[in-house]
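Residue numbers (our numbering): -9 to 275.
The beta carbon of each residue, even a glycine, is placed where N, CA and C say it ideally should be.
In this text the structure is predicted, and so the values were computed from the model without any measurement.
Have a look at the structure below, then the notes.
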Ligand code: PDD
């Protein structure tokens, strides 16, 4: 069934949606995006995603194309028109269409704004959360400003294929002997009862789920350390897990073919998933 998508002010059937071949998102990956989850028809952590969008745009010298309120209304209308119960809203903003030139076009070039939904029935009841993920490690070969959520996703996409080829679900990327993050999620281990995850900086995306999960962990009196950790530490960890808007909190049970802990989802990851889903549903819009 055809979806209704949003393109530059219009709600149109997906077959009729058009953007220019000169769009800088297409030619230069000159654009940023957000993925926001929807549970029971309501949006999780809209404010967090809107705030990060504004920051990503500002880091690239762009402003918000529409107000936050207008953005929320677009999300809501797409969710309603497409009958989304559980799923995702994808949003992309690019610097717009201009004749191909490495220099940015003039500031009055209209940005391109695209949003669409993806229906994912049972998103919060993913059986993988009970089994846990198998991951491999790969070198982090992305650019240096991973804190900006740009649409340059080729290396993460290659990483996902390397994982698949190795019979795993996903890959953790490493740099200078330390784990940065997963291909599309933030990475955590539990060591001596302490939750360890990379500290914020340009090396990783500042996950919206990460921020919420760390707050819930601290509120539940769990110990958290924000610092870089090595693959060796991960191999010896009691637990490991990842977080993202599309997977929430997802246990990791195997790294490079070796079981993490007893090879089953750990109690801290399971508990954090429950808390995250409960609290985020309560605060959903
Ligand atoms: N990815 N790190 C990377 C590299 C990511 O691409 C993502 C999200 C995250 C987690 O961020 P958040 O908790 O805000 O979703 C961390 C999204 C889900 C995607 O590209 O589909």
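For residue 257, the nearest candidate out of 0, 134 and 121 (CA to CA): For this step, residue 257 is matched to residue 267 along the chain shown. Answer by Cα proximity: 121.
Excluding sequence positions up to five away, which residues of its chain have a Cβ less than 6 Å from the Cβ of residue 172? As a working mapping, residue 172 is identified with position 182 in the chain shown. Scanning its chain for C-beta atoms nearer than 6 Å, with the 5 sequence neighbours on each side dropped, one finds around residue 172 the residues 160, 162 and 232, in chain order.
Taking 8 Å as the threshold (C-beta atoms), are residue 219 and residue 242 in contact? Residue 242 sits at position 252 when you count from the first residue of the chain shown. Residue 219 sits at position 229 when you count from the first residue of the chain shown. With respect to the 8 Å criterion, residue 242 and residue 219 are not classified as neighbours on the basis of their beta carbons.
To the nearest whole angstrom, what separates the beta carbons of residue 25 and residue 78, a pair I think is in contact under 8 Å? On the chain shown, residue 25 is found 35 positions in, with the first residue counted as 1. On the chain shown, residue 78 is found 88 positions in, with the first residue counted as 1. The beta carbons of residue 25 and residue 78 sit about 6 Å from each other, so the pair counts as a contact at 8 Å.
Indicate whether residue 76 and residue 112 have their beta-carbon atoms separated by less than 8 Å. The sequence position of residue 76 within the chain shown is 86, counting from 1. The sequence position of residue 112 within the chain shown is 122, counting from 1. Yes, they are a contact pair.
So residue 84 packs on residue 13, CB below 8 Å; how close in whole Å? One-based indexing of the chain shown puts residue 84 at position 94. One-based indexing of the chain shown puts residue 13 at position 23. The pair is a contact, with the Cβ atoms about 6 Å apart (cut-off 8 Å).
Determine the closest residue to residue 206 out of 267, 17, 6 and 157, with distance taken between C-alpha atoms. For this step, residue 206 is matched to residue 216 along the chain shown. Among 267, 17, 6 and 157, the Cα nearest to that of residue 206 belongs to 267.
Taking the alpha-carbon positions, what's the residue 37 to residue 63 distance? Within the chain shown, residue 37 is the residue found at index 47, counting from 1. Within the chain shown, residue 63 is the residue found at index 73, counting from 1. A direct Cα-Cα distance of roughly 13 Å separates residue 37 from residue 63.
Leaving out five residues before and five after residue 170 in sequence, what residues of the same chain have Cβ atoms less than 6 Å from its Cβ? Reading the chain shown from its first residue, position 180 is the one you call residue 170. Cβ within range, chain order: 130, 163, 193 and 194.
Of all the options 18, 102 and 166, which has the alpha carbon lying nearest to the alpha carbon of residue 8? What you label residue 8 is simply residue 18 of the chain shown in a count that begins at 1. The candidate whose alpha carbon is nearest that of residue 8 is 102.
Determine the DSSP secondary structure at residue 199, reduced to helix, strand or coil. Here residue 199 refers to the residue found at position 209 of the chain shown. Residue state, collapsed to three classes: helix.
With DSSP as the reference, label residue 172 as helix, strand or coil. Looking up residue 172 in the chain shown gives position 182. Strand at residue 172.
Tell me where the alpha helix (DSSP H) around residue 270 begins and ends. For the purposes of this step, residue 270 is taken as the residue at position 280 of the chain shown. Taken as a continuous stretch (DSSP letters only), the alpha helix (DSSP H) holding residue 270 covers 257 to 272.
Can you have a look at residue 240 and say buried or exposed, based on whether 16 or more other CB atoms are within 10 angstroms of its CB? For the purposes of this step, residue 240 is taken as residue 250 along the chain shown, with counting starting at 1. Taking all protein chains in view, the Cβ of residue 240 is crowded by 16 or more other Cβ atoms within 10 Å, so the residue is classified as buried.
By the three-class DSSP mapping on this structure, what secondary structure does residue 110 have? Start at 1 with the first residue of the chain shown, and residue 110 comes out as number 120. If DSSP states are grouped into helix, strand and coil, residue 110 belongs with coil.
Anyone know if the C-beta pair for residue 99 and residue 68 falls short of 8 Å? Within the chain shown, numbered from 1, the residue matching residue 99 stands at position 109. Within the chain shown, numbered from 1, the residue matching residue 68 stands at position 78. The Cβ atoms of residue 99 and residue 68 do not sit closer than 8 Å to each other.
Rounded to whole angstroms, what's the CA-CA distance from residue 70 to residue 31? Just pull it up for me. One-based indexing of the chain shown puts residue 70 at position 80. One-based indexing of the chain shown puts residue 31 at position 41. For residue 70 and residue 31, the distance between alpha carbons rounds to 8 Å.
Determine the extent of the beta strand (DSSP E) in which residue 77 is found, giving its start and end residues. Indexing the chain shown from 1 puts residue 77 at position 87. Its beta strand (DSSP E) spans residues 77 to 84.
Give the straight-line distance between the Cα atoms of residue 271 and residue 33, rounded to the nearest whole angstrom. The count along the chain shown starts at 1 and reaches residue 271 at position 281. The count along the chain shown starts at 1 and reaches residue 33 at position 43. The alpha-carbon atoms of residue 271 and residue 33 are separated by roughly 8 Å.
Sequence-distant residues of the same chain with beta carbon closer than 8 Å to residue 116, five excluded per side: For the purposes of this step, residue 116 is taken as residue 126 along the chain shown, with counting starting at 1. Excluding positions up to five away in sequence, the list reads 237 and 240.
Go through the segment 174 to 237 residue by residue and report every complete run of the alpha helix (DSSP H) that reaches 4 residues or more, in order. Counting only runs of 4 or more residues that sit fully inside the segment 174 to 237, the alpha helix (DSSP H) segments are 198 to 209 and 221 to 225, in chain order.
Distance, Cα to Cα, residue 181 vs residue 16? Locating residue 181 in the chain shown gives position 191, counting from the first residue. Locating residue 16 in the chain shown gives position 26, counting from the first residue. Between residue 181 and residue 16, the alpha-carbon positions lie close to 43 Å from each other.
Given a threshold of 16 other Cβ atoms within 10 Å of its Cβ, counted over all protein chains shown, does residue 226 qualify as buried or as exposed? As a working mapping, residue 226 is identified with position 236 in the chain shown. Residue 226 is exposed by the Cβ-count criterion.
Under 7 Å Cβ to Cβ from residue 280, same chain only, skipping five residues before and after it: list those, please. An answer regarding residue 280 cannot be provided, because it is not within the stretch -9 to 275 covered by the chain.
Leaving out the 5 sequence neighbours to the left and right, which residues in its chain are closer than 7 Å to residue 148 when beta-carbon positions are compared? Counting from 1 along the chain shown, the entry for residue 148 is found at position 158. No residues qualify anywhere along the chain.
Return helix, strand or coil for residue 54, following the three-state DSSP convention. Residue numbering aside, residue 54 sits at position 64 when the chain shown is read from its first letter. If DSSP states are grouped into helix, strand and coil, residue 54 belongs with coil.
When DSSP labels each residue in this structure, what does residue 124 get in the three-state scheme? Translated into positions along the chain shown, residue 124 becomes position 134. Taken through DSSP and simplified to helix, strand or coil, residue 124 comes out as strand.
Taking only heavy atoms of the ligand PDD into account, decide whether any of them is closer than 7 Å to the Cβ of residue 175. As a working mapping, residue 175 is identified with position 185 in the chain shown. Yes - the ligand PDD has a heavy atom lying nearer than 7 Å to the Cβ of residue 175.
Where do the N-terminal and C-terminal ends of the alpha helix (DSSP H) with residue 36 fall, by residue? Residue mapping note: residue 36 aligns to position 46 of the chain shown, counting from 1. Note, residue 36: alpha helix (DSSP H), 36 to 49.
Would you tell me roughly how many angstroms separate the C-alpha atoms of residue 60 and residue 89, rounded to the nearest one? One-based indexing of the chain shown puts residue 60 at position 70. One-based indexing of the chain shown puts residue 89 at position 99. Whole-angstrom Cα-Cα distance: 29 Å.
Mapping the DSSP letters down to three states, classify residue 65 as helix, strand or coil. The residue you call residue 65 lines up with position 75 of the chain shown. If DSSP states are grouped into helix, strand and coil, residue 65 belongs with the helices.
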